[in-house]
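In what follows, a single structure is set out as structure tokens and then discussed.
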Amino acid sequence: GVVGRVRVPVPRRRLVGGAVAGGRRDLGAGVHPGAAHRPQRAGLGCRERRRRVRAFDGGTELDMSLRAFLERFSRYAHVSAQVYVVAYAYLDRLRRRDAGVRVVRANAQRLLTAAILVASKFVEDRNYSNSHLAAVGGLTAAELSALELDLLFLMEFRLNVCPSVFQSYCRHLEREASHGGGYRVERRLEKALVCAGEARARQAQHRRAAAA
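2 is the number of the first residue of the sequence shown in this note's numbering; add one for each residue after it.
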């Protein structure tokens, strides 16, 4: 469907996977039902990896700018700024591992929505359902669930981003946002991620001030 015309519902929030134990969240428990049954680091064959990469090229071309698309997520998805940073870390990981994985207009809608979904499940204790994030991203719930699994297999279920790496991505994104120019989609993505994260942080600050 066309992203700009998606009607975004307001579903009930849910606790993903009941992933709370002893006051600390088991990060792996809320990611994906298949994660608990994944093969032991067998890795994907070249043909299988290509098939999963091509799955992200199967949709329609994004009909808005990357910044507008991520601002839409900031407005309707209600995920934290940290989610955008982790999503960017995942995309950068894929770019380094698979030369064919780039964020371009042909795959941006599907790749960004899947990355934000997986990052939100890994980072946050409470999440909206797949169907809600699919609506925000202009996809069907079935499409997004399949893309989520494709992304997890491409990343070999290695979702952890250690604090030092997280901080390095934060600094990198801040530097890129502060520099003018740049015509590559990836550069625009970096700036859009920072803008979306800053907008989300401002919304949280306003809510705290109103509740005080």
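For every residue, glycine included, the Cβ atom is placed at its ideal position computed from N, Cα and C.
| query | result |
| --- | --- |
| Simplified DSSP assignment, three categories, for Arg-127 | strand |
| Buried versus exposed, by CB contacts within 10 Å (16 or more), Gly-46 | exposed |
| Cβ contact check for the segment 54-70 and the segment 128-137: 3 or more pairs under 8 Å | no |
| Extent of the continuous alpha helix (DSSP H) to which Phe-74 belongs | 67-77 |
| Coil, strand or helix - Phe-158 by DSSP | coil |
| Simplified DSSP assignment, three categories, for Ala-212 | helix |
| Of the residues Val-86, Leu-118, Glu-144, Phe-154, the one placed nearest Thr-61, counting alpha carbons only | Glu-144 |
| 6 Å Cβ shell around Arg-96 - same chain, five flanking residues per side excluded | Val-102 |
| Residue of Gln-168, Asn-161, Ala-56 minimising C-alpha distance to Asn-108 | Ala-56 |
| Per-residue burial, Ser-165 [other beta carbons within 10 Å of its own, 16 or more giving buried] | exposed |
| Whole-angstrom distance between Glu-157 and Arg-52, CA atom to CA atom | 15 Å |
| Helix, strand or coil at Cys-163 [DSSP, three-state] | coil |
| Cutoff 9 Å: Leu-140 Cβ touching any chain B Cβ | In the structure shown, chain B cannot be found, because there is only a single protein chain. |
| DSSP three-state assignment for Ser-121, whether helix, strand or coil | helix |
| Buried or exposed (CB count within 10 angstroms, at least 16 for buried), Asp-126 | exposed |
| Assigned secondary structure, Ser-81 (DSSP; H/G/I helix, E/B strand, else coil) | coil |
| Ala-211, buried or exposed, once every other Cβ within 10 Å from all chains shown has been counted against 16 | exposed |
| Straight-line gap, Tyr-85 to Val-162 (C-alpha atoms, nearest Å) | 13 Å |
| Residues near Val-124 by beta carbon distance below 6 Å, same chain, minus five either side | Gln-83, Val-84, Val-87 |
| Cα-Cα separation, Val-104 to Arg-50 | 17 Å |
| Gly-139, DSSP secondary structure in three states | coil |
| Distance cut-off 8 Å: Val-104 Cβ against heavy atoms of the ligand SAH | Of the ligands one can find in the structure shown there are none, so the ligand SAH has no counterpart to examine. |
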